[in-house]
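Everything below concerns the one structure shown next.
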Amino acid sequence: MSLIVLLLLPFIGSCLAAVLPHNARNSESLLAGLIALIGTVQVALLYPQIAHGGVIREEFMWLPSLGLNFVLRLDGFAWLFSILVLGIGTLVSLYARYYMSPEDPVPRFFAFFLAFMGAMLGLVLSGNLIQIVFFWELTSLFSFLLIGYWHHRSDARRGAYMALMVTGAGGLCLLAGVMLLGHVVGSYDLDTVLAAGDQIRAHSLYPILLPLILIGALSKSAQFPFHFWLPHAMAAPTPVSAYLHSATMVKAGVFLLARLWPSLSGSEEWFWIVSGAGACTLVLGAYCAMFQNDLKGLLAYSTISHLGLITLLLGLNSPLAAVAAVFHILNHATFKASLFMAAGIIDHESGTRDIRKLSGLFKLMPYTATLAMVASASMAGVPLLNGFLSKEMFFAETVFINSTAWVEIALPVIATIAGTFSVAYALRFTVDVFFGPPATNLPHTPHEPPRWMRAPVELLVFTCLMVGIFPAHTIGPLLAAAAQPVVGGELPEYSLAIWHGLNAPMIMSLIAMSGGIVLYVLLRKQLKLGRFPRPPLTRYFDGKRFFERSLVVIMRGARRIERRISTQRLQTQLFLLILAAVIAGLIPMLYSVLTWGDRPKIPGSIVFVTLWLLAIACALGAAWQAKYHRLAALTMVSVCGLMTCVTFVWFSAPDLALTQLVVEVVTTVLILLGLRWLPRRIEDVSPLPGTLRKARTRRLRDLLLSFAVGGGMALLSYAMLTRQTPNDISSFYLSRALPEGGGSNVVNVMLVDFRGFDTLGEITVLAAVALTVFALLRRFRPPKESMELPAQQRLLAKDVVTDLVNPRSASDTALGFMMVPAVLVRLLLPVAFIVSMYLFMRGHNQPGGGFVAGLVMSVAFILQYMVAGTQWVEAQMSLRPLRWMGTGLLCATLTGLGAIPLGYPFLTTHTAHFSLPLLGDIHVASALFFDIGVFAVVVGATLLILTALAHQSVRAHRPALQNKTGAS
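Position 851 of the sequence shown, counting from 1, maps to 851 under the UniProt record's numbering, and the rest follow consecutively.
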């Protein structure tokens, strides 16, 4: 199985999970578990290839000219994370089968779960910086959906929103930092970046790009001061917490720190920012965890603390500390996932997670209690468990650090204090919950969960024991393979022995364990009585309050700015928009001089000069009449468009002329349909004193701006037209259109092949604009004067009301006074379809193409609406414009993706040759299918806008329907 198949597997499973029945909990869990298990086995089988520093790399051409290829890269570190993502994902899938209620929308849960698994897998396998950021933001999106899974709960919505805001904003900073990093290195390829550490650290942009990247990483891993979002994410179902907050999402930040450690570490800036944030988070998280009364809240803050420990290790600029960080990433994932699952079992079987209400559960749930106590002891760093080994390595790094005197003293103290707190909150999790008198007044009588619900916890706890007792034989080779890419070279010497003698780290462990026991004994009674509703002194570090106040300040500031610069007057909005465009165009002129070229002039023709003067006159007339006679203004604007078509023909551009002509027809008709619903101009209002002068000033201001825009565009156009065009551009397209694009129409080949990525973006924007227009017009209500029916329409009101009641019985305009035009437009529909297909099929070699063909087809549908009426057309034809657009975008995208498996860049055209009976030899370019997508999007977008406008007429007749209903 290749890496691309491994990556696509969870996303395919997500699509399958979304369409399974609501009550298919077993099938959903089986599907998710099998996909994760197959991926785990496949990744495990790849271990021999990466065991000794090997790298598996798969590259798919995307945009090679920009250095943006889709690269999948698996080294030892990515292998470790892939095992965590897929292996723990397998266990969580099994656990979720028993945790989730049959009443929950389980297909939605597993669809989001598998999609998040795929996003996280894409993040760890990415071999391109931009690709990393893409999957980074994808994990934020799917984690938002998972955290807010129970969207009927306000705490779930609030936690999901907070997580998305913090991690999404951090992702934007990461994108900016990655762009700068790629600029410094000259490539976004991860292998190139990892090999350019000295070049990056010596660059003048290093102090700028480093904080940007670190903000993204620290916010994702809930490091101080971004730590506040993680506890609120505990509103998610426990399987989500066990997965996101032990092995995947929150580990993404430390993954990025370790991934870029060879390139960015080794500087003073890295040491102070990373280790400083890690130290603060380590102590603050452990301190807050002691005072939590909710089991998942305690585990959330302990997660924050342990992530701080990993971050602190990565910030020490020591290869041995980096190895310890990788080791603790693995250990933390095992014991924390098992603890979250144990907390979920307690909640599932007892009905509460409140530590103050829970007591004596060991007698009722002995197996679960034993498992939870072992995992909790590993979290506290008890010997013979895996947490003890990585904690000892952490203590050793803080003791033997070589830095300033106060840092050498402070770091061991901070580590010991954090260790003390960790023992205290681990005792709270075990002693307060499982020992003491049996709890009373619980929602449910606690008992052991189903056998297979406990199985994932047993496997994880067994891993903690095996690694803790036999570290060299179980985890030694895996740790070496995973840590070697992080340190970026040869591994330092380290030992995974259980006993290193009575040294400083062991003394620190003994102090932490004894101090934690004493601290727990001192606080136990007060905590059990609920004397600490919130941790003392934490009001000075309340990130949630700061976050919410910041949002309030930002929203208030935005509203003030909006009130000052915005207005409901369309004229003012357009003035500001055009003024901003003028300023943006003038700024480059400050750094360059506008000069004319020496290109020979083309002799003019008296005919075309006359036509251009007519176009200028029509443009001026349209501007003058726009305020008084909209129909006349629209007519004169159409004349300007027609003169543009003639100009294209004059300059031998038939493709542009044909497209412009059809665009003019479609837009003119759509605007004409929309003009009816604009409010009428009020002419008989006497101006107030002073308003006439303001009006004249405003008109003079608008006139000056229009002269600036028109004159500026004329000067720029003249400057461009008088300069010599580089011959290499035109010769490139002319020489390669037929042999490489498979067509002799250079314009069409450019649109669907050489510039196909631009065309894909344009049709995407077209679809977005159509959806926006439709959404706006759905809420638009025409003014009252436009809703009043003219006399001739009142005569038809009875038939209109009947049509509204029963659209299938809509009156046929071919049977009334519109017989001739109705019959003609119906006959025109198949003719237009044939013309459209003719233009479409010839587009690759002659003037035409998907865009023009789509517009021609749209004109035919528009005529049907105009003559036959909305009700009759929609009763006879099921047009479904949304499906047109969706199918078109899917067809265009899949056409581009089809080149990638063949080893070519995205949207590379291929031509197939066939020999058919009667037709002879023909060739079909893959761009044909891309053009089909363009055709479908154009038809769908035009129909959607037309439908939105046509339904305004339906709303105009609703008062008649209501009156008739009331009268009856």
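Cβ atoms here follow ideal geometry from the backbone N, Cα and C, with glycine treated the same way.
Asked, Found
"Quick one: any contact between the stretch 338 to 352 and the stretch 307 to 314, if contact means 3 or more CB pairs under 8 Å?", "no"
"Less than 8 Å between the CB atoms is what I'm expecting for S29 and R97, so what's the real figure, rounded?", "4 Å"
"Nearest CA to the CA of P505: which residue from H447, V607, L3, P383?", "P383"
"Return the chain-ordered list of same chain residues with a C-beta closer than 6 Å to the C-beta of F110, the five sequence neighbours on each side being excluded.", "A17, E28, A32"
"Rounded to the nearest angstrom, how far is the Cβ of Y95 from that of M453, given a contact under 8 Å?", "6 Å"
"May I ask which residues mark the beginning and end of the beta strand (DSSP E) holding V72?", "At residue 72 the sequence reads Leu, which differs from the Val that was named. Note, L72: beta strand (DSSP E), 68 to 74."
"Which parts of the stretch 29 to 107 are runs of the beta strand (DSSP E), unbroken and 3 residues or longer, counting only runs that do not cross its ends?", "56 to 63, 68 to 74"
"Only counting runs of 3 or more residues, tell me where the beta strand (DSSP E) segments fall wholly within the stretch 116 to 202, in order along the chain.", "none"
"With which residues is A925 paired in a DSSP beta bridge?", "T911"
"Would you tell me roughly how many angstroms separate the C-alpha atoms of I215 and M290, rounded to the nearest one?", "27 Å"
"Grouping DSSP H, G and I as helix and E and B as strand, with all else coil, what is D598?", "coil"
"By alpha-carbon positions, which one of L943, P102, L460, P901 ends up nearest to L339?", "L460"
"What ranges does the alpha helix (DSSP H) occupy inside the stretch 225 to 257, keeping only unbroken runs of at least 4 residues that lie completely in it?", "229 to 232, 238 to 244"
"Assuming residue 970 is part of the alpha helix (DSSP H), what are its boundary residues?", "Given a span of 1 to 968 for the chain in the structure shown, any question on residue 970 remains unanswerable."
"Suppose contacts are defined by Cβ-Cβ distances below 8 Å. Is F935 in contact with G850 by that definition?", "yes"
"What do you get for Q484, buried or exposed, if any count of 16 or more other CB atoms within 10 angstroms of its CB means buried?", "buried"
"Taking 7 Å as the cut-off, is the beta-carbon of L946 closer than that to any non-hydrogen atom of the ligand ATP?", "No copy of the ligand ATP occurs in the structure displayed, which carries no ligand at all."
"Under the rule that 16 or more other beta-carbon atoms within 10 Å means buried, what is E562, buried or exposed?", "exposed"
"Distance check for R599 and M117, CA to CA, integer angstroms please.", "59 Å"
"Check whether the stretch 120 to 130 touches the stretch 244 to 260, counting contact only when three or more Cβ pairs, one atom from each stretch, lie closer than 8 Å.", "yes"
"Taking 8 Å as the threshold, find out whether the stretch 413 to 425 comes into contact with the stretch 512 to 521 through three or more Cβ pairs.", "yes"
"For the alpha helix (DSSP H) that residue 1054 lies in, which residues bound it at each end?", "Because the chain here runs from 1 to 968, residue 1054 falls outside it and cannot be looked at."
"Please report the distance separating the alpha-carbon of P654 from that of V747.", "10 Å"
"Taking the alpha carbon of A337 as the reference point, which residue from V374, E349, S566 has its own alpha carbon closest?", "V374"
"Output the boundary residues of the alpha helix (DSSP H) element that contains D655.", "654 to 675"
"Skipping 5 residues on each side, what residues in its chain have a beta carbon closer than 8 Å to that of Y718?", "W596"
"If L594 sits next to L715, beta carbons under 8 Å apart, how far is it from one beta carbon to the other, in whole angstroms?", "7 Å"
"Within its chain, find whatever has a CB closer than 6 Å to the CB of T911; leave out the 5 residues flanking it on each side and keep chain order.", "G742, H923, A925"
"When you compare the CB positions of P831 and Q864, do they come within less than 8 Å of one another, or not?", "Going by the sequence as given, residue 831 is Val instead of Pro. Against a cut-off of 8 Å, the Cβ pair of Q864 and V831 comes out as no contact."
"Below 8 Å, can you find three or more Cβ-Cβ pairs linking the stretch 861 to 877 to the stretch 760 to 773?", "no"
"Apart from the five residues just before and just after residue 978, which ones in its own chain have a Cβ nearer than 7 Å to its Cβ?", "Examination of residue 978 is not possible in this model, given that the chain is present from 1 through 968 alone."
"Return the first residue and the last residue of the alpha helix (DSSP H) that W272 is part of.", "Here W272 belongs to no alpha helix (DSSP H), and DSSP marks it neither H nor E."
"Which one of T572, R158, V937 has the shortest CA to CA distance from F228?", "R158"
"Among the residues of its own chain, which have a CB less than 8 Å from the CB of P807, if the five just before and after it don't count?", "Caution applies to P807, whose pLDDT of 41 falls short of 50 and renders its modelled position unreliable; the model cannot decide the point."
"Does the count of Cβ pairs from the stretch 229 to 248 and the stretch 159 to 167 closer than 8 Å reach three?", "yes"
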